[in-house]
Amino acid sequence: MENQAESFIGRLSQSSLAYMRRLLFRVLSVGPIPNHLAFILDGNRRYARKWKLGEGMGHRAGFLSLMSLMKYCCELGVKYVTIYAFSIDNFRRKPNEVQGVMDLMLEKIEGLLKEESIVNQYGVRVYFIGNLKLLSDPVRLAAEKAMKATSNNNNCILLICVAYTSTDEILHAAVESCEDKLSEIRSLGRLQNGEISPEKCGAAVSLADVEKHIYMGVAPDPDILVRTSGETRLSNFLLWQTSTCLLYSPKALWPEIGMRHLVWAVLNFQRIHPYMEKARKQL
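Mapping of the sequence shown onto the UniProt record's numbering: residues 1 to 283, in sequence order.
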């Protein structure tokens, strides 16, 4: 009987919090809501050291924070959420640490596909962004499976940047653009006729050509970029896409991030929204 009472009180408490959250989000929706939020997940290892947790436990705590934040973003009406999960530079860390993150990533990707996951509850489509060839075969195959399994979801888009850096993204886009343009020129016979040389193909590549091959081409540019831990560095993340977005650096470590940080970021976005729109129109 006591357990039933505790269970009832727990459900009532959760229901009340959910109602208050929906009410708060409805008030926020009076103003402009960001279409795209991006996050640099900084502070997982420091969180583990702070609370004397075992190796890898900081990343596990960070995953729980991600799922909560994803739920809030879906309820608020944010269409795109991008996270910087693993940089190409992170492969230089200790092999056991890299392997631990890869194992956790594999475990959590498989968890995303479960029926009760937030991905399925909220109709989230998942993209994995980056040089996926650098991932281990099990992780890469799991990522491809998750993208295929969620391809019909369209309520919200979760972009997970793994094996990613902006410099690699821009280099990839430039090479692909040049190869496309060279193929186009050859098909028109202009190269064989001596009208244009392979060395001059770069001059024929436009901004639109490059942007077509950017990894992040599946999403609009972010409205807000959040980096936790109070750090203000972009760390080679979305350098191409963040020229006009709001930067927000709460002191909370990533596993400590919560709804109050999201609300504060949105309020600041609403405050400067007219200026941001003006800046984008001038580009």
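Positions of the beta carbon are idealized from the N, C-alpha and C atoms, including for glycine. All figures in this text were calculated on a predicted structure; none of them were measured in a lab.
Roughly how many angstroms lie between the CA atoms of residue i and residue j, to the nearest whole one?
| i | j | result |
| --- | --- | --- |
| Ser235 | Ile109 | 24 Å |
| Glu176 | Asp209 | 9 Å |
| Ile88 | Ile118 | 27 Å |
| Met57 | Val81 | 23 Å |
| Leu159 | Glu277 | 24 Å |
| Arg271 | Gly217 | 28 Å |
| Leu135 | Ala143 | 10 Å |
| Tyr84 | Asp221 | 15 Å |
| Asp103 | Val162 | 14 Å |
| Gln14 | Leu225 | 30 Å |
| Asn96 | Glu55 | 10 Å |
| Asp137 | Phe237 | 24 Å |
| Val78 | Gly100 | 31 Å |
| Tyr275 | Leu141 | 43 Å |
| Met70 | Ala265 | 15 Å |
| Ile33 | Asp168 | 31 Å |
| Met147 | Ala219 | 15 Å |
| Phe8 | Leu132 | With a pLDDT of only 49 at Phe8, under the threshold of 50, the placement of this residue in the model should not be trusted, and no figure is reported. |
| Trp240 | Leu171 | 11 Å |
| Thr242 | Lys52 | 35 Å |
| Glu75 | Leu113 | 20 Å |
| Glu211 | Ser16 | 45 Å |
| Phe86 | Ile157 | 18 Å |
| Lys145 | Asn120 | 14 Å |
| Phe269 | Asn35 | 11 Å |
| Leu23 | Ser29 | 10 Å |
| Arg93 | Leu207 | 35 Å |
| Arg186 | Phe39 | 42 Å |
Among all the DSSP beta bridges, which residues are the ones paired with residue i?
| i | result |
| --- | --- |
| Phe25 | In the DSSP output, where bridge partners are listed per residue, Phe25 has none listed. |
| Cys156 | Val124 |
| Arg140 | Looking at the DSSP assignment, Arg140 forms no beta bridge with any residue, so it has no partner. |
| Val226 | Phe39, Tyr248 |
| Thr82 | Ala38, Leu159 |
| Tyr215 | Answer is none; Tyr215 lacks a bridge partner. |
| Tyr164 | Ser87 |
| Ile170 | Paired residue(s): none; Ile170 is not in a bridge. |
| Ile129 | Cys161 |
Would you mind sorting residue i into buried or exposed? The rule is 16 or more other CB atoms within 10 Å of its CB.
| i | result |
| --- | --- |
| Trp254 | buried |
| Gly31 | exposed |
| Glu115 | exposed |
| Ser166 | buried |
| Glu107 | exposed |
| Gly130 | buried |
| Val27 | exposed |
| Ser229 | buried |
| Leu267 | exposed |
| Leu37 | buried |
| Gln282 | exposed |
| Ala18 | exposed |
| Arg227 | buried |
Near residue i, which residues of its chain fall below 8 Å by C-beta distance, leaving aside the five closest residues on each side in sequence?
| i | result |
| --- | --- |
| Thr232 | Leu247, Ser249 |
| Met20 | none |
| Gly111 | Ser117 |
| Thr244 | Asp221, Met276, Ala279, Arg280, Leu283 |
| Phe91 | Val98, Leu134, Ala163 |
| Asp223 | Pro34, Asn35, His36, Leu37, Cys245, Leu246, Phe269, Met276 |
Kindly list the residues whose CB is nearer than 7 Å to the CB of residue i, restricted to its own chain and excluding five residues on each side of it in sequence; keep chain order.
| i | result |
| --- | --- |
| Val205 | Ser177, Cys178, Lys181 |
| Tyr72 | Met259, Leu262 |
| residue 338 | Missing from the structure shown is residue 338; the chain here goes from 1 to 283 and no further. |
| Met67 | Ile118 |
| Ile214 | Glu169, Ala173, Trp240 |
| Phe25 | Glu75, Leu76 |
| Ala149 | Leu113 |
Step through the CB atoms of chain C and report whether any lies within less than 8 Å of the CB of residue i.
| i | result |
| --- | --- |
| Leu207 | In the displayed structure, chain C is absent; only one protein chain is listed. |
Looking only at its own chain, which residues have a Cβ that is under 6 Å from the Cβ of residue i, when we skip the five neighbours before and after it?
| i | result |
| --- | --- |
| His273 | Pro32 |
| Ile257 | Ser65, Thr228 |
| residue 291 | In this structure the chain extends from 1 to 283, so residue 291 is not present and cannot be described. |
With three or more beta-carbon pairs closer than 8 Å as the criterion, would you say the region 152-171 touches the region 121-130? By the criterion of at least three beta-carbon pairs nearer than 8 Å, the region 152-171 is in contact with the region 121-130.
Kindly confirm or deny that the region 57-67 and the region 35-48 touch, where touching means at least three C-beta pairs closer than 8 Å. Using a Cβ-Cβ distance cut-off of 8 Å, the region 57-67 and the region 35-48 are in contact, since at least three pairs of beta carbons, one from each stretch, lie closer than that value.
Are there three or more Cβ pairs, one per stretch, closer than 8 Å when the region 169-187 is compared with the region 249-263? The count of Cβ pairs closer than 8 Å, one atom from the region 169-187 and one from the region 249-263, stays below three, leaving the stretches out of contact.
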